[in-house]
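Scroll down for the structure; my scribbles are underneath it.
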Amino acid sequence: MFRHVNKQLRLYHLADLTPGKSVCPLRRDGSRCWRIRVNDELIQPVSPGRRPRLKWVLLEAVLVAVIGAIFGLAANQVSPRGLALTRNYFPAGTGRLLPRLSPAPAPPNVAGTNSMPIDSAQLLAAELKEKGLQLIDRLQAVQLLHDPRFKQNLVVFIDARDEQRYREGHIPGAYEFDPYRPEKYFDAVLPVCKAAEQIVVYCNGGNCDDSETAAVLLRDIGIANRKLLVYGGGISEWTAYGLPVETGERNSGKLRDPGK
Amino acid sequence: MNTGQPNWKRIALNFSAVLARWLLGAAFLYTGLSKALHPVDFLKLLRQYDLVQSSLPLNSIAAALPWFETFCGLLLLVGIAVRGTALTLMVMLVPFTVLVFHRALAIQSALAIPLCAVKFDCGCGAGTVFICRKLAENVLLIVLSGWLLTGYGRQFSLRFSLTKSHSHRSAPEAGRE
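Heads up: the protein sequence lines correspond to chains A and B, in order. As numbered in numbering that gives the first Met the number 0, residues 0 to 259 make up the first sequence, in order. As numbered in numbering that gives the first Met the number 0, residues 0 to 176 make up the second sequence, in order.
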């Protein structure tokens with residue numbers, strides 16, 4: 000009741016609303032006229048102006064922002080996938096601010112050619128060279144996979160993607176090494192890398208720079224530069240060419256249908 | 000207290016605003032959760048904007064923002080502090096849209112292609128999208144937030160306004176007249 004009356008009273012100037020005075024909301028048809036006695040404190044139209052309303056909304060927004068920020072940081076701490084706030088996830092300036100040109104892998108319609116566009120490959124090769132790393136193409140990666148040293152773990156493949164993507168499909172025998180959670184993989188990967196003669200690091204390919212990040216990380220913890228090779232085409236190019244892809248754990252023996 | 004005929008226009012407006020509130024809430028819940036489930040991916044995308052150099056602020060934004068969006072989405076869906084949340088989202092969306100646009104311009108200039116042909120993952124939670132579509136979506140979200148700020152969309156809300164007195168005096172009444 001009072002709520003509605005309050006709305007009606009907003010039609011009038013505050014000066015008109017003196018106690019005991021009757022007010023009459025004008026209706027166009029003149030069919031009904033409210034007579035409201037404003038002689039108590041209950042229906043006083045408190046500050047109907049815009050400023051107080053805006054103030055409350057602003058206060059509410061600040062409250063939402065503060066609680067939301069606290070909630071966000073707390074949820075990150077609780078989440079198993081949460082970020083470590085103080086860690087530098089991009090060592091030695093890895094990562095690029097603009098995507099490389101023509102990032103998509105080319106279809107495998109020309110046998111024996113590298114699908115990475117030449118300008119893209121040159122750009123990536125130059126970026127890697129600055130960091131003392133070497134780029135290899137698909138043919139070289141395939142050659143290394145069939146190298147007899149691969150079976151002796153002297154040639155090692157490192158998959159620098161996250162666990163979920165690794166399990167969905169990786170180059171057979173590749174080690175899982177997510178460079179953003181390296182502590183989880185150091186025990187398995189470091190001894191192998193130290194013993195290996197050549198290490199092929201790859202990620203999705205295209206704009207993905209996780210292979211570069213992983214290679215820089217391995218280099219920074221003492222793996223020799225000359226051993227580290229970055230396969231720029233990555234798993235997307237590998238899959239596009241119908242090359243074998245293993246699913247699940249390393250050496251699970253489950254090979255994915257090349258058509259998929 | 001009726002003034003005669005029901006105000007159908009106002010009723011329609013209010014229920015449209017409820018739909019808008021749910022749409023906005025669902026959009027932020029979806030994008031927030033999709034980023035929160037892959038925080039490293041979001042961190043990498045966020046870094047491409049080159050906003051901050053040191054790790055702590057960058058990581059903090061990447062860690063908190065997806066959950067913050069989820070929180071705001073939930074508030075809108077259940078109808079708590081609707082105007083405050085709408086204002087917060089609007090204040091967030093405007094600079095985000097400007098940043099995405101600037102980045103699109105940089106990509107356009109690097110690739111020498113028309114602006115609307117620029118397609119990239121802006122870190123908005125929906126994967127790779129064409130920039131013109133993304134800008135249109137953002138403008139729509141800003142408009143919806145602005146609309147909720149006016150006080151419509153009060154139905155089916157747990158607590159539309161956190162301030163009781165405020166909620167009693169300033170919002171358009173939802174088709175009750």
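Quick reminder that beta carbons are idealized off the backbone N, C-alpha and C, glycines included.
If one requires a minimum length of 4 residues, the alpha helix (DSSP H) runs lying completely within the segment 42-81 of chain B are 54-77, in chain order.
In the DSSP assignment, B:Thr149 falls outside any beta strand (DSSP E), carrying neither H nor E. With the criterion set as a beta carbon lying under 7 Å from some beta carbon of chain A, the members of the segment 56-71 of chain B are Asn58, Ser59, Ala61, Ala62, Ala63, Leu64, Trp66, Phe67, Phe70 and Cys71, in sequence order. Counting every other CB atom within 10 Å of its CB across the protein chains shown gives B:Ser108 a total below 16, marking it as exposed. In the three-state DSSP reduction, A:Ile157 falls in the strand class (E or B).
A:Glu196 is the residue among A:Pro243, A:Val200, A:Val244 and A:Glu196 whose C-alpha sits nearest the C-alpha of A:Pro147.
The secondary-structure analysis by DSSP pairs A:Leu227 across a beta bridge with A:Ile198. B:His101 sits in a helix when the DSSP states are folded into three classes. Our two residues, A:Glu236 and A:Leu242, have alpha carbons roughly 9 Å apart in a direct line. In the three-state DSSP reduction, A:Arg249 falls in the coil class, being neither helix nor strand.
Within chain A, no residue has its CB atom less than 9 Å from the CB of B:Arg153, the nearest being about 13 Å off. Within chain A, the residues whose beta carbon sits less than 8 Å from that of B:Ala80 are Glu59, Leu62 and Val63, listed in sequence order. Distances from the alpha-carbon of A:Ala173 to those of A:Lys128, A:Asp219, A:Tyr179 and A:Leu153 put A:Leu153 closest. The residue among A:Gly233, A:Thr238, A:Val215 and A:Ile234 with its C-alpha nearest the C-alpha of A:Leu227 is A:Val215. The residues Gln107, in chain order, have a CB closer than 6 Å to that of B:Leu114 in the same chain once the five nearest residues on each side in sequence are set aside. In the DSSP annotation of this structure, A:Val141 is not part of any beta strand (DSSP E); the continuous alpha helix (DSSP H) holding it starts and ends at Arg137 to Leu144. Not flagged as an interface residue toward chain A: B:Arg132, since no C-beta distance is shorter than 8 Å. Relative to the Cα of A:Leu132, the nearest Cα in the group A:Gly205, A:Val199 and A:Gly204 belongs to A:Val199. Cβ contact annotation for A:Glu248 (same chain, cutoff 8 Å, sequence separation greater than five): Arg166, in chain order.
Under the 8 Å criterion on CB atoms, B:Ser160 is classed as interfacial with respect to chain A.
Taken through DSSP and simplified to helix, strand or coil, B:Lys118 comes out as strand. DSSP places A:Val215 inside the alpha helix (DSSP H), whose first and last residues are Asp209 to Asp219. Using a CB distance below 8 Å, no part of the segment 183-207 of chain A faces chain B. Within chain B, no residue has its beta carbon less than 7 Å from that of A:Leu123; the closest one is some 15 Å off.
With 16 or more other Cβ atoms from the protein chains shown falling within 10 Å of its own Cβ, A:Glu211 counts as buried. Only residues of its own chain outside the window of five on either side were considered, and among them Leu242 have a CB closer than 7 Å to the CB of A:Val141, listed in chain order. A direct Cα-Cα distance of roughly 28 Å separates A:Leu138 from A:Tyr184. A:Leu216 has a beta carbon lying at 8 Å or more from every beta carbon in chain B.
Note: A:Gln133 is bridge-paired with A:Leu228 in the DSSP secondary-structure output. Listed along chain A is no residue with a C-beta nearer than 8 Å to that of B:Arg9; the closest approach is about 12 Å. Counting C-beta pairs with one atom in each stretch, the segment 56-70 of chain A and the segment 79-87 of chain B have three or more that are closer than 8 Å, which means they touch. In the three-state scheme derived from DSSP, where H, G and I count as helix and E and B as strand, B:Leu157 is classed as coil. Each of B:Phe159, B:Ser160, B:Leu161 and B:Phe155 was checked against the Cα of B:Phe14, and the nearest Cα belongs to B:Phe155. By the rule that beta-carbons nearer than 8 Å mark a contact, A:Tyr179 touches chain B. Under the Cβ distance rule, B:Ala125 does not count among the residues neighbouring chain A, no pair being separated by less than 8 Å.
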